[in-house]
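Step one of this worksheet: look at the structure below.
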Amino acid sequence: MAKKSSSASKKENEVIEEPVLTKTYLTDEELEHFRQLLLKRREEVLRDLDILRSSLSDENVEDSINSNYSMHMADHGTETMDREQRFMFIARDEKYIGYIDQALDRIRNKTYGICIKSGKPIPKKRLEAVPHTSVRIEFKQGKK
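Counting from 1, one number per residue, gives the positions in the sequence shown under full-length UniProt numbering.
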């Protein structure tokens with residue numbers, strides 16, 4: 001009888017296990033929805049990047065104009081910190097653009113919505129929240 005209970009638990013585990021996929025489980029319409037969502041976010045991030053880069057350019061022009069005037073050390077420190085923060089935001093946005101581009105590639109390859117670590121489907125709810133994701137939430141949280 002012990003064999004029956006162990007085989008019964010195996011069947012339960014098999015039912016719970018999700019299939020490993022090589023192609024997306026999403027329909028063409030759903031893929032197009034996510035593609036549009038990603039393109040919209042990409043456009044927003046590119047716009048933010050332009051603003052950040054132009055603020056750095058504007059600051060460089062102002063620095064050359066004001067270079068004849070002495071600046072208090074605290075003001076100089078604040079400006080340096082602000083500039084470094086903008087560079088950090090630019091780097092973050094460029095990295096995000098890379099994630100979006102990778103997700104768009106997965107849509108083109110029909111592998112979007114498949115976890116790259118487990119091969120299991122990423123729930124649509126997660127894809128709606130984080131459309132550029134390539135992993136299921138349990139891998140993002142480091143549980144597996």
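Think of the CB as a built atom: it goes at the ideal place given N, C-alpha and C, for glycine as much as any other residue.
DSSP places residue 138 inside the alpha helix (DSSP H), whose first and last residues are 137-140. Distances from the CA of residue 90 to each of 80, 41, 56 and 39 were compared; the closest alpha carbon is that of 56. Sorting 142, 27 and 96 by C-alpha distance to the C-alpha of residue 39 places 96 at the top. Taking each of 121, 92 and 23 in turn and checking the Cα distance to residue 52, the smallest one comes out for 92. For residue 121, the number of other beta carbons within 10 angstroms of its own is at least 16, and it is reported as buried. In the DSSP assignment, residue 121 is bridged to 114. In the displayed model, residue 96 falls within a helix according to three-state DSSP. In the displayed model, residue 45 falls within a helix according to three-state DSSP. Remark: C-beta atoms of residue 24 and residue 112 approach each other more closely than 9 angstroms. Residue 118 places its beta carbon 9 angstroms or farther from that of residue 106. The residues 120 and 121, in chain order, have a CB closer than 7 angstroms to that of residue 18 in the same chain once the five nearest residues on each side in sequence are set aside.
By the Cβ neighbour-count rule, residue 26 is buried, with 16 or more other Cβ atoms within 10 Å of its own. Nearest C-alpha to residue 50 among 33, 87, 80 and 36: 87. Contact between residue 35 and residue 104 holds, with the beta-carbon distance rounding to 7 angstroms and staying under 8 angstroms. Within the model, the alpha-carbon separation for residue 128 versus residue 102 is close to 16 angstroms.
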